[in-house]
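Asker:
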Amino acid sequence: MSETVQPISIAYPDDAAARPRLRLTLAPIRLKISAAGADQVEWLSGTFTDPTGQMPLTVQTDGANLRITSSKNVTAFRRLKAPVLELKIGGKRPFSVSMDL
């Protein structure tokens, strides 16, 4: 098994009138969320580090809705450290967030 690092860079939705919605559907992973610096133009940026290389992160967009899903295959990392999702969130527009754990 080899570690994989998946970069994340997601722009704000094109429709400025639509309120963006972020939905996180995550397996047992480590989640680190912080505010982005003032120079960040993206809505979300960061990385997903998977020590097993077997739990890819899926990013789906539908208009102003964004869904980030991690694989539920938790048996892959029982003897290794847990995957880590690090997100820096831009503050240029308000958005709603929900989490399914």
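So for the sequence shown, our numbering puts the first residue at 4; every next one is plus one.
Built from N, CA and C at the ideal position, the CB exists for glycine as well.
None of the values given here were measured: they were computed from a predicted structure.
#1: Measuring alpha carbon to alpha carbon, tell me which residue in S12, N68, A85 is nearest A39.
#2: Along the beta strand (DSSP E) that carries D18, what are the first and last residues, could you check?
#3: Take the Cβ of A67 as the centre, count every other Cβ of all protein chains shown within 10 Å, and call the residue buried at 16 or more, exposed below.
#4: If distances are taken between C-alpha atoms only, which option among A21, I92, P97 comes closest to V44?
#5: If we count the other Cβ atoms within 10 Å of its Cβ and call it buried at 16 or more, is T55 buried or exposed?
Answerer: To lay it out plainly:
#1: Walking along the sequence shown from the start, residue 39 turns up at place 36. Minimum Cα distance to A39 is reached at S12.
#2: Numbered from its first residue, the sequence shown carries residue 18 at position 15. Note, D18: premise wrong, no beta strand (DSSP E); not H, not E.
#3: Within the sequence shown, numbered from 1, the residue matching residue 67 stands at position 64. A67 is buried by the Cβ-count criterion.
#4: Position 41 of the sequence shown, counted from the first residue, corresponds to residue 44. Looking at the Cα atoms, I92 is the closest of the given residues.
#5: Taking the sequence shown and counting its residues from 1, one reaches residue 55 at position 52. So T55 ends up on the buried side.
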